[in-house]
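Encoded as structure tokens, the structure appears first; notes follow it.
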Amino acid sequence: MSGTFGKGHHLHLIDGSAFIFRAYHALPPLTRKSDGLPIGAVSGFCNMIFKMVEDNTGPDAPTHVAVIFDKGSHTFRNDMYDLYKANREAMPEDLRPQIPLTRQATEAFNIACKELEGFEADDIIATLARQAREAGGRCTIISSDKDLMQLVGDGVEMLDAMKNTRIDRDGVFDKFGVYPDRVVDVQALAGDSVDNVPGAPGIGIKTAALLINEYGDLDALLERAEEIKQPKRRQTLIEHADQIRLSRKLVLLDDRTPLDFTLDDLEVREPDSDKLLAFLAEMEFRTLTKRVAEKMGAEMPTIEDTPALPDAPQVDDVPFDTDNYEQVGDAGTLEKWLDAIYEAGHVAIDTETTGLNEMTADLVGISLAVEPGKACYIPLIHKANRGDDLFGSDDLAEGQMDLDTCLGMLKPVLEDPSILKIGQNMKYDVKILAQVGIAMAPIDDTMLMSYAQHAGLHGHGMDALSERYLDHTPIPIKPLLGSGKSAITFDKVPLEDAVKYAAEDADITLRLWKLLKPQLHAAQVTKVYETLERPLVPVLADMERAGIKVDRDTLSRMSNAFSQKMAGLEDEIFGLAGRKFSVGSPKQIGEILFDEMSLDLPDGKKPAKGKSGAWSTGADVLEDLATVHDLPRRILDWRQLDKLKSTYTDALQNHINKDTGRVHTSYSIAGASTGRLASTDPNLQNIPIRSEEGRRIREAFVAEEGKTLVALDYSQIELRILAHIADIPELKQAFADDIDIHALTASEMFNVPLPEMTPDIRRQAKAINFGVIYGISGFGLARNLRIPRAEAQGFIDRYFERFPGIRTYMDDTKAFAKKHGYVQTLFGRRIHTPEIGAKGPRAGFAARAAINAPIQGTAADVIRRAMIRMPDAIRNLPARMLLQVHDELLFEVEQGAEEELISTARKVMEDANEPVVRLDVKLTVDAGQGSNWAEAH
DNA sequence: ACGCTCACG
DNA sequence: GACGTACGTGAGCGTA
6 MSGTFGKGHH
16 LHLIDGSAFI
26 FRAYHALPPL
36 TRKSDGLPIG
46 AVSGFCNMIF
56 KMVEDNTGPD
66 APTHVAVIFD
76 KGSHTFRNDM
86 YDLYKANREA
96 MPEDLRPQIP
106 LTRQATEAFN
116 IACKELEGFE
126 ADDIIATLAR
136 QAREAGGRCT
146 IISSDKDLMQ
156 LVGDGVEMLD
166 AMKNTRIDRD
176 GVFDKFGVYP
186 DRVVDVQALA
196 GDSVDNVPGA
206 PGIGIKTAAL
216 LINEYGDLDA
226 LLERAEEIKQ
236 PKRRQTLIEH
246 ADQIRLSRKL
256 VLLDDRTPLD
266 FTLDDLEVRE
276 PDSDKLLAFL
286 AEMEFRTLTK
296 RVAEKMGAEM
306 PTIEDTPALP
316 DAPQVDDVPF
326 DTDNYEQVGD
336 AGTLEKWLDA
346 IYEAGHVAID
356 TETTGLNEMT
366 ADLVGISLAV
376 EPGKACYIPL
386 IHKANRGDDL
396 FGSDDLAEGQ
406 MDLDTCLGML
416 KPVLEDPSIL
426 KIGQNMKYDV
436 KILAQVGIAM
446 APIDDTMLMS
456 YAQHAGLHGH
466 GMDALSERYL
476 DHTPIPIKPL
486 LGSGKSAITF
496 DKVPLEDAVK
506 YAAEDADITL
516 RLWKLLKPQL
526 HAAQVTKVYE
536 TLERPLVPVL
546 ADMERAGIKV
556 DRDTLSRMSN
566 AFSQKMAGLE
576 DEIFGLAGRK
586 FSVGSPKQIG
596 EILFDEMSLD
606 LPDGKKPAKG
616 KSGAWSTGAD
626 VLEDLATVHD
636 LPRRILDWRQ
646 LDKLKSTYTD
656 ALQNHINKDT
666 GRVHTSYSIA
676 GASTGRLAST
686 DPNLQNIPIR
696 SEEGRRIREA
706 FVAEEGKTLV
716 ALDYSQIELR
726 ILAHIADIPE
736 LKQAFADDID
746 IHALTASEMF
756 NVPLPEMTPD
766 IRRQAKAINF
776 GVIYGISGFG
786 LARNLRIPRA
796 EAQGFIDRYF
806 ERFPGIRTYM
816 DDTKAFAKKH
826 GYVQTLFGRR
836 IHTPEIGAKG
846 PRAGFAARAA
856 INAPIQGTAA
866 DVIRRAMIRM
876 PDAIRNLPAR
886 MLLQVHDELL
896 FEVEQGAEEE
906 LISTARKVME
916 DANEPVVRLD
926 VKLTVDAGQG
936 SNWAEAH
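Letter 768 of the first sequence, counting from 1, is numbered 773 in this note's numbering, and no numbers are missing.
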């Protein structure tokens with residue numbers, strides 16, 4: 006049947022996304038045998054399409070058919086309401102690569118495949134259904150999405166393909182309590198939590214239908230809201246009238262979308278058997294390929310049965326060629342790249358900026374790569390010359406896109422939940438793009454993939470990874486930027502060089518991703534990567550961008566006070582030493598004390614000499630020496646002040662951001678091998694607290710006017726984890742009973758009843774407890790406690806006797822590390838211990854590190870999980886998370902909401918191990934609050 | 001660039 | 001039997 010669509014014609018419209026999701030959830034996670042590509046949803050999709058083709062015979066068969074897909078995440082509905090669909094969960098990791106394949110499948114079946122930027126599939130379906138109806142034909146929408154039910158009637162029906170049930174006007178009435186023409190009114194009132202349509206609070210479908218049926222339609226209802234008898238209902242409708250009208254706009258489908266095709270283009274076509282079978286064979290669908298071949302009377306193509314070797318190099322064998330990279334200078338060229346990105350479903354991205362600090366750096370350009378060797382650079386604000394020419398202008402270089410135009414085009418892609426953005430150290434790029442209003446998601450990060458697999462084995466910077474995995478040395482940045490005083494920023498780098506350098510970074514990143522991603526599964530660290538590494542990126546980006554307010558005047562006053570004290574100390578020091586010298590020089594101190602003054606330690610010996618041959622003058626040495634002379638104590642005091650002044654009160658002032666008045670640290674996620682974060686520029690994880698003088702520096706970390714700082718820290722988390730992992734009944738019981746753990750240890754070891762415990766015995770036990778966590782040795786404990794080595798060894802022996810599980814844990818852990826080359830945390834994080842088999846002292850180091858890593862690492866995992874869950878948990882509180890200090894989280898909260906924040910955040914932290922790891926000990930969190938960090942802690 | 005020292009958990 | 005040792009970090013300074 007052909008001719009213009011009209012009476013007697015029957016159009017089938019398949020809701021592509023709904024089909025894919027159903028297929029995905031209905032089937033186990035199948036993968037392609039040869040390379041492990043996830044393929045379950047594609048398989049289900051193809052089977053459903055084929056079943057439809059097979060079933061569609063007889064008088065009711067469609068004459069026209071199309072599969073309609075969503076395109077992009079940003080639609081006109083987001084312009085009306087920016088929270089539209091904001092509750093949507095991210096697309097599952099193994100589904101994303103299957104989306105483009107389902108489009109290919111549709112084409113292979115020779116079925117029209119349609120989508121339209123800026124509109125949802127539902128709008129296209131609405132438009133086509135209207136056209137079919139107006140032309141006098143019939144239309145069946147294959148979907149069970151209730152949002153489409155407003156279209157039913159007058160020749161338009163829905164078909165639930167899974168249940169094989171048709172939904173007509175009566176079916177809609179069953180579901181909504183109204184007929185299709187009033188469905189949007191009911192939806193506007195009831196709202197939709199899945200799409201985040203607000204609706205009227207407290208009103209569901211039942212009540213909504215009741216009201217609409219009583220008043221006729223929504224407008225009449227809102228107009229006559231005063232007449233409603235129930236006071237609560239009346240008030241809700243009056244108060245939220247605007248929100249309800251907005252909700253109706255959101256749920257009302259647009260049946261006038263501009264389409265570049267007509268119904269006639271959708272006429273049913275016979276598939277090309279060669280093309281279809283080739284596609285099915287490529288997917289390695291054996292059964293389906295056979296069935297299709299039989300039905301079409303064609304030869305069954307062969308499907309290779311040999312899976313690729315798991316370790317075979319996966320990355321395409323494309324040589325690096327910097328001449329092949331493209332400079333993107335206009336919208337048309339960029340459009341071409343965006344098409345390629347949508348085709349692939351992923352893109353590697355790298356941002357170039359004017360500096361390394363994301364808070365002060367400006368975006369200079371963006372590079373993209375979609376397949377190995379195919380990369381581009383979009384320069385945005387490069388200067389026409391290097392800027393070192395006195396007469397040179399700061400004009401922009403030719404051939405660059407307008408910044409806003411470019412970002413406007415990129416934003417929908419970078420925020421599209423179906424397009425995966427791949428980067429190396431994505432926290433940097435996420436922060437840079439956040440500065441220009443782009444919330445990039447979802448992401449993958451090659452640095453974190455490497456870290457999840459190989460923590461402890463090697464670094465995870467791009468240069469190191471490229472050398473190691475791609476056997477390729479990236480173009481070094483140094484020659485482009487220069488160094489020292491004549492260094493230039495990237496916007497001054499000539500475009501020709503910039504394109505090569507920047508595009509290569511994206512190319513390398515994409516290749517690393519292709520290589521490292523499949524290895525995650527093999528190394529069994531996919532869970533670690535997906536639950537402990539990647540989700541931390543946006544959380545840390547937000548914390549770093551928030552920063553913490555630091556009061557410059559407080560620091561400045563402290564600096565001055567320190568200067569004065571140090572000047573006084575210097576006079577005393579020079580008097581005692583008999584001459585002037587540089588007090589900051591350990592070498593000169595050693596010469597004065599041990600050569601010129603010939604001082605000896607209390608045991609009559611001299612201290613050790615360091616690698617450079619100078620006397621060791623560390624605090625422990627000077628502390629001992631202080632018992633025989635006054636000078637060492639003065640030097641210790643001077644050093645403490647020098648440290649506080651130079652590292653804290655002076656240096657911190659230089660880190661106060663000019664625009665925000667706050668200090669913004671940067672956390673490295675893949676720095677510490679154990680899974681701990683590290684804080685840099687500045688390090689806010691080592692702000693003084695142990696000495697009273699140093700502790701006062703925390704007074705300079707303040708809450709904003711009208712706000713409070715709240716600190717929550719895990720109590721003894723590492724010892725709790727040790728008690729669990731090593732399975733020590735006495736320790737577990739002590740934590741269950743909230744008994745002072747160090748006192749308990751002392752009581753067990755030294756046979757002192759708890760009521761008779763003295764601070765000194767407790768102090769020794771505390772040192773032993775910490776020693777255990779660090780891989781205790783008699784020597785180390787002796788030095789720490791300043792007791793003879795034999796005595797320390799005696800303590801350790803008694804400890805092991807009392808808690809034999811500890812020794813077992815230590816021995817087992819060392820044996821595991823020797824056998825596997827790594828140890829693991831309770832959450833599966835791997836920490837490699839390559840030196841464990843070494844000879845000499847290095848083996849001792851490695852053994853102690855191996856003993857410590859599962860404990861420190863598990864604690865790190867716990868707080869990571871808490872941090873990842875925190876933003877959602879506190880999203881309705883006027884609070885934000887600012888800092889992490891290993892076992893502590895610091896928040897800033899509006900005054901009045903402190904207690905609510907504490908109870909909410911505490912719960913998240915105390916339950917952070919659940920549900921994947923059950924602990925025999927509870928986790929306990931202490932809380933404090935105040936106008937500055939000293940008070941809050 | 002490297003070692004020393006010292007701040008934190 | 002000798003050797004050197006508590007675990008994990010980052011920053012500032014002096015010295016080469």
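For glycine and all other residues, C-beta sits at the position ideal for the given N, C-alpha and C. Predicted model only: the values in this text are computed from it and were never measured.
Query	Result
Every unbroken alpha helix (DSSP H) within the region 23-83, with a cutoff of 4 residues, ordered by chain	45-60
For W620, the nearest candidate out of E601, F50, V633, V297 (CA to CA)	E601
Pair within 8 Å by beta-carbon distance, L689 and A910	no
Residues near P612 by beta carbon distance below 7 Å, same chain, minus five either side	L606, W620, S621, V626
Bridge partners - G935, DSSP secondary structure assignment	L714
For F114, three-class secondary structure by DSSP	coil
Whether E120 touches I73 by CB criterion (8 Å)	yes
Under the three-state DSSP convention, the category M762 falls into	coil
Residue nearest to G666 in terms of C-alpha spacing, selected from E698, K648, F706	F706
Closest Cα partner of I146 within the set P67, T111, I692, L223	P67
Buried/exposed call for G45, threshold 16 Cβ in 10 Å	buried
Sequence-distant residues of its chain with Cβ nearer than 6 Å to P318 (five each side left out)	For P318, the predicted structure reports a pLDDT of 42, less than 50, and the residue's modelled location is therefore unreliable. The matter cannot be settled from this model.
Straight-line Cα distance separating A508 from Y534	26 Å
Pairwise C-alpha distance: L646 and K614	25 Å
For V930, the residue or residues it bridges with in DSSP	Y719
E698 vs L649 beta-carbon contact at 8 Å	yes
Cβ-based neighbour list, Y672, same chain, cut-off 6 Å, excluding 5 preceding and 5 following	L545, L682, S684
Range covered by the alpha helix (DSSP H) that runs through A884	That residue, A884, is in no alpha helix (DSSP H); its beta strand (DSSP E) goes 884-889.
Element boundaries [beta strand (DSSP E), containing T170]	170-172
Distance cut-off 7 Å: D608 Cβ against heavy atoms of the ligand COA	As for the ligand COA, it is missing from this structure, which has no ligand bound.
Close Cβ partners of A787 (< 6 Å) along its chain, the five nearest in sequence each way excluded	R794, A797
CB of L486 within 8 Å of CB of R516, strictly	no
Euclidean distance between Cα positions of A117 and V189	29 Å
Identity of the residues DSSP links to Y672 by a beta bridge	S684
Where S488 sits in the DSSP three-state scheme	coil
Reduced DSSP secondary structure (H/G/I, E/B, other) of P263	coil
Length of the line joining the Cα atoms of F579 and F586	7 Å
Inter-stretch contact (C-beta, 8 Å, three-pair minimum) for the region 771-786 and the region 854-863	yes
Cβ-Cβ distance between A374 and A366 below 8 Å	no
Where P384 sits in the DSSP three-state scheme	strand
Neighbour-count burial assignment, Q934, 16 or more Cβ in a 10 Å radius	buried
M163: first and last residue of the uninterrupted beta strand (DSSP E) it sits in	161-165
Spatial distance of I443 from G63 (CA atoms)	52 Å
Expected contact under 8 Å - CB spacing of I371 and D496 to nearest Å	Not a contact, Cβ separation roughly 13 Å.
Whole-Å CB distance - E537 paired with L657, under 8 Å assumed	Inspection of the sequence shows that residue 537 is occupied by Leu rather than by Glu. So it is not a contact: roughly 30 Å between Cβ atoms.
Spatial neighbours of A134 in its chain, beta-carbon cut-off 6 Å, leaving aside the 5 residues before and after	C144, L156, V161
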